[in-house]
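Numbering (UniProt numbering), first residue to last: 1 to 250. We put the beta carbon where it would ideally sit given N, CA and C, even for glycine. Every value quoted in this text rests on a predicted model; they were computed, and no experiment measured them. Notes for the one structure printed next.
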Amino acid sequence: MAEPAYLDTAQGRRLAYHLSDGTGPTVVFLGGLKSDMEGTKAVHLEAWCAAQGRAFLRFDYSGHGLSSGAFEDGGIGEWAEDTSAALAELTRGKLIVVGSSMGGWQALLFARAHPDRVAGLVTIAAAPDFTEDGYAASFTDAQWAALERDGQVEMPSDYMEPYIITRHLIEDGRKQLVLRAPLPLPFPVRCLQGTADTAVSTETAVRLLNHADSPDIRLLLVKDADHRFSDGPCLGLIEAAITEILDAST
């Protein structure tokens, strides 16, 4: 396995990444919360793009994978800074941004801030505003008390070890919400969502579909697909979504 390269950001963080040269638009993969760039979808898309001679970027946010920092020190805003730094320093021209789960929120934040860079978006079980609508909305009085007392609370996950949710993650998340104000996405958007996803609901996917302002936005619900969305048929659907955007942008 090739060793990653590293990018030092203006915020003093060191991000691990893999960048493949090729034609544009560059495909960028943004992973989920506590995921890293060695996940099935990221590695598969890298190989798929390489076979087409297309440029591709995957990287680890700070506190994730091989990048610097501790997960508990980060938040949606810091990871958005990481995304902006990686895409500004490592890519040129138009991008197709593929965001999985929390990476879907990151993709929307980047697209809102830099619409001129985006040829299209693909979201996979996108989780915009999850810190507010998921965690904060479901906290018990005891969990709120622990958050105030300890600065963090442990939350179970169906897909990995429990998450440590910090008060900073919740408070910073409130500054990054994308479903409370207009969300112009002036390019093709493809949203993919499994109906057996226990981390992100189909209602969230429909809410994003209805809220975003795009000339060409579509939601595909896949019966019985779970949050990982990484078996063979699901990977094929991601490829097809990217191909649709490539066709629309030529």
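Limits of the alpha helix (DSSP H) - the one that residue i falls within
i: His-168; result: 167-173
i: Ala-80; result: 76-90
i: Gln-11; result: Element bounds for Gln-11: n/a, residue is neither H nor E.
i: Leu-45; result: 40-52
Beta-bridge partners of residue i, as assigned by DSSP
i: Pro-184; result: Asp-213
i: Ala-127; result: None; Ala-127 has no bridge partner.
i: Glu-154; result: Ile-164
i: Ser-100; result: Ile-124
i: Thr-26; result: Leu-95
i: Ala-5; result: Tyr-17
i: Leu-221; result: Gln-193
i: Leu-57; result: Leu-19, Val-28
C-alpha distance - residue i paired with residue j, whole-angstrom precision
i: Leu-95; j: Leu-45; result: 14 Å
i: Gly-77; j: Ala-70; result: 15 Å
i: Thr-195; j: Val-222; result: 6 Å
i: Asp-197; j: Tyr-163; result: 17 Å
i: Ser-230; j: Trp-105; result: 19 Å
i: Ser-100; j: Cys-191; result: 10 Å
i: Gly-93; j: Val-200; result: 32 Å
i: Phe-187; j: Leu-108; result: 12 Å
i: Val-189; j: Pro-25; result: 15 Å
i: Pro-184; j: Ala-55; result: 26 Å
i: Ala-137; j: Glu-171; result: 13 Å
i: Ala-50; j: Gly-75; result: 32 Å
i: Thr-91; j: Leu-19; result: 9 Å
i: Val-43; j: Pro-233; result: 16 Å
i: Ile-242; j: Thr-204; result: 22 Å
N- and C-terminal bounds of the beta strand (DSSP E) containing residue i
i: Asp-247; result: Asp-247 -> not in any beta strand (DSSP E); alpha helix (DSSP H) instead, spanning 232-249.
Reduced DSSP secondary structure (H/G/I, E/B, other) of residue i
i: Ser-20; result: strand
i: Leu-177; result: coil
i: Val-200; result: coil
i: Leu-208; result: helix
i: Gly-194; result: strand
i: Tyr-135; result: helix
i: Arg-228; result: coil
i: Ala-70; result: coil
i: Leu-108; result: helix
* Say whether the region 136-154 touches the region 109-128, bearing in mind that this needs 3 or more beta-carbon pairs closer than 8 Å, one atom from each stretch. => With the rule of 3 Cβ pairs closer than 8 Å, the region 136-154 does not count as touching the region 109-128.
* To do: Say whether the region 169-188 touches the region 205-221, bearing in mind that this needs 3 or more beta-carbon pairs closer than 8 Å, one atom from each stretch.
  => When Cβ pairs closer than 8 Å are counted between the two stretches, the region 169-188 is seen to touch the region 205-221, the count reaching three or more.
* Asked: With a cut-off of 8 Å, do at least 3 Cβ pairs link the region 79-95 to the region 6-26?
  -> Put simply, the region 79-95 touches the region 6-26. At least three CB pairs are less than 8 Å apart.
* Report yes or no: do the region 27-36 and the region 52-70 share at least 3 C-beta pairs separated by less than 8 Å? => Because the criterion of three Cβ pairs below 8 Å is met, the region 27-36 and the region 52-70 touch.
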